[in-house]
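Engineer: Under UniProt numbering, read the sequence shown as residues 1 to 145, first letter to last.
Beta carbons: idealized from backbone N, C-alpha and C, even for Gly.
Here it is, the structure, as structure tokens.
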Amino acid sequence: MQLHQLKRAHAHRKTKRVARGGKRGKTAGRGTKGQKARAGHRLRPELRDIIKKYPKHRGYRFKSIETKPTPINLDLIEATFGDGDAVNPESLLAKKLIKKDGGRMRKVKILGTGKLSKKITLSGCLVSASAKAAIEASGGTIVSK
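Take a look at the structure:
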């Protein structure tokens with residue numbers, strides 16, 4: 001068999017081209033207006049509409065979200081730590097009060113909600129003014145980096 005002797009299994013059939021004259025004038029069977037009536041129409045993915053409705057955050061790759069510290073209240077420290085214990089991000093992680101964020105340690109801020117009666121040594125954390133007063137009143141110390 002030679003190349004010029006090959007024949008199709010099915011006869012060649014031209015695809016229908018709408019809006020090119022003939023029996024389908026004006027809208028050419030596409031209805032009127034809208035996304036499907038346009039030339040080269042492709043339906044817009046629904047997922048894109050969902051994504052576009054979400055609010056955008058300032059900054060490249062939304063780094064503004066990551067900088068917020070994890071809040072820890074004094075009553076939580078009172079319940080989990082003993083007298084004279086060291087409170088820092090590592091010890092909070094060990095007691096499962098905070099989690100790592102993508103393999104990195106999160107910033108921690110100690111807030112003054114609750115009462116503290118134990119002497120603790122606080123280091124590596126941000127402290128609110130009311131929490132600082134409560135820690136120092138109970139005989140604890142705050143070590144700044």
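#1: On the three-state DSSP scale, how would you describe Thr-80?
#2: Would you decide whether Ile-110 is buried or exposed? Buried here means 16 or more other CB atoms lie within 10 Å of its CB.
#3: Roughly how many whole angstroms lie between the Cα atoms of Asp-85 and Ser-123?
#4: Just tell me which of Thr-27, Thr-32 and Ile-77 has its CA closest to the CA of Lys-114.
#5: According to DSSP, is Ile-98 part of a helix, a strand, or is it coil?
#6: Since Lys-53 is in the alpha helix (DSSP H), which residue starts that stretch and which ends it?
#7: How many angstroms separate the CA atom of Glu-90 from the CA atom of Lys-118?
#8: Could you work out which residue in Gly-112, Cys-125 and Ser-144 is closest to Ala-137 when comparing CA atoms only?
Structural biologist: Short version:
#1: Here residue 80 is taken as the residue at index 80 of the sequence shown, counted from 1. DSSP places Thr-80 in helix when its eight states are reduced to three.
#2: Stepping through the sequence shown from its first residue, residue 110 is reached at position 110. Result: buried.
#3: Taking the sequence shown and counting its residues from 1, one reaches residue 85 at position 85. Taking the sequence shown and counting its residues from 1, one reaches residue 123 at position 123. If you take the alpha carbons of Asp-85 and Ser-123, they lie about 11 Å apart.
#4: Indexing the sequence shown from 1 puts residue 114 at position 114. Correcting the residue type first, residue 114 is Gly in the shown sequence and not Lys. That would be Ile-77, whose Cα lies nearest to the Cα of Gly-114.
#5: As a position in the sequence shown, residue 98 is number 98, starting the count at 1. In the structure shown, Ile-98 sits in coil (DSSP, three-state: anything other than H, G, I, E or B).
#6: Position 53 of the sequence shown, counted from the start, is the residue given in the question as residue 53. From DSSP, the alpha helix (DSSP H) with Lys-53 extends over 46-53.
#7: Taking the sequence shown and counting its residues from 1, one reaches residue 90 at position 90. Taking the sequence shown and counting its residues from 1, one reaches residue 118 at position 118. Roughly 19 Å between the two C-alpha positions.
#8: Looking up residue 137 in the sequence shown gives position 137. Considering only alpha carbons, the answer is Gly-112.
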